[in-house]
Amino acid sequence: MFALAALSLTVLPFVSADTALDLAGIKAHFTQSKIVPDLFESFNPEAVLTVNFPGVGDITPGQTLTQAEAGGYPSIKVTAANSSVDLGSTFTVAMVDASYVGQDDDDVTRHWLMNGCTLSDGTISNSSATSITEYGGPAPPEGEPAHRYVIAVYQQPDSFSAPEGFNQANMGISTFDFEDYLTNSKLGALVGATYMTVQTGEATTSVEATSSVDSQTLSAASQTGSSSSGASATTGASGSSSSGAPDGASALTASSAAVALGFLGFLFA
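Numbered by mature numbering (1 follows the signal peptide of the UniProt record, and there is no 0), the letters in the sequence shown go through residues -17 to -1, 1 to 252 in order.
Pasting the structure below:
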């Protein structure tokens, strides 16, 4: 029994490191895509969001989707950075169109806004939520570069109060000042966010250049910071701006699992 307990303690750090890798990856993607600072002045997620679209599956940060692929109602899984993170019990979910790279207007298009969401088995539930704006899929103007559609989850504390004009259900898709909404509603900390890109037709407008995510740099950082804890984890690995798959983490986890299975076989041989 003691040997089994020790084995569990050996494997668990690699599992939590996996989430740290994903957190570092999404932070790098948000900087690379210039969502920071176009939409967010800073970005310090406390959890990883896994968004799943019907017929598509889980998407990776910055994944390119068609309007049809992103048209279905998505599910959102929330994975905290570590066991010490208190995400709260009530949440606000939003999806906004941050336009294409280089656009930083205060007003963004609201495609989804739900208050009073909860977590059920780690997945966002809208069973008791108020849908201010029902989910509406991306519809970027034809001829523009790919638009960045950001899905974000915020803690909704008891002090939350929907601002005037946003306190009733079934408002249509429209532009609004997202930062102003966050401030005036007294929403809590950002839990997590991810994004996808959607484009209609060929772009006839040039777009500001972006850099790719350096997976080797992130991987090296993860080895240094994996022993530390906290919601502000900045360690991890990510693929290119369209993949988001933490290859380094997967390799570590697979290796740990192999060692664990081999050790179990030795114990019970």
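We treat Cβ as the ideally placed atom computed from N, Cα and C, and that holds for glycine. Note that the structure is a prediction, hence the values are computed from the model and not measured.
Just grab the DSSP bridge partners of residue i for me.
i      : result
Gln46  : Met179
Asp90  : Asp160
Met97  : Val76 and Ser114
Gly40  : Phe36
Ala81  : BP columns for Ala81 are empty, so no partner.
Thr62  : Val31
Val133 : Val79 and Tyr178
Ile9   : Answer is none; Ile9 lacks a bridge partner.
Ile107 : Leu102
Gln138 : Phe74
Leu173 : Tyr137
According to the neighbour-count rule (16 or more other Cβ atoms, all chains shown, within 10 Å of its Cβ), is residue i buried or exposed?
i           : result
Asn98       : buried
Pro128      : buried
Thr49       : exposed
Pro140      : exposed
Gln151      : exposed
Ser111      : exposed
Pro51       : Reading off the sequence, residue 51 comes out as Ala, not Pro. Exposed.
residue 271 : Limits of the chain in this structure are -17 at one end and 252 at the other, which puts residue 271 out of reach.
Asp89       : exposed
Gly45       : buried
Asp104      : exposed
Gly40       : exposed
Tyr137      : buried
Ser25       : exposed
Pro20       : exposed
residue 262 : Examination of residue 262 is not possible in this model, given that the chain is present from -17 through 252 alone.
Asp1        : buried
Ala77       : buried
Return the Cβ separation of residue i and residue j in integer angstroms, given the expectation that the two are a contact with Cβ distance under 8 angstroms.
i      : j      : result
Ala63  : Ala30  : 5 angstroms
Leu170 : Thr43  : So it is not a contact: roughly 26 angstroms between Cβ atoms.
Ile107 : Thr177 : About 13 angstroms; that fails the 8 angstroms criterion.
Ile156 : Thr92  : 7 angstroms
Tyr132 : Phe149 : Contact doesn't hold; Cβ gap of about 20 angstroms is too wide.
Val174 : Pro37  : Incorrect: roughly 23 angstroms between the Cβ atoms, too far for contact.
Phe161 : Val79  : 6 angstroms
Check whether the stretch 179 to 190 and the stretch 108 to 126 touch, using three or more Cβ-Cβ pairs below 8 angstroms as the test. yes
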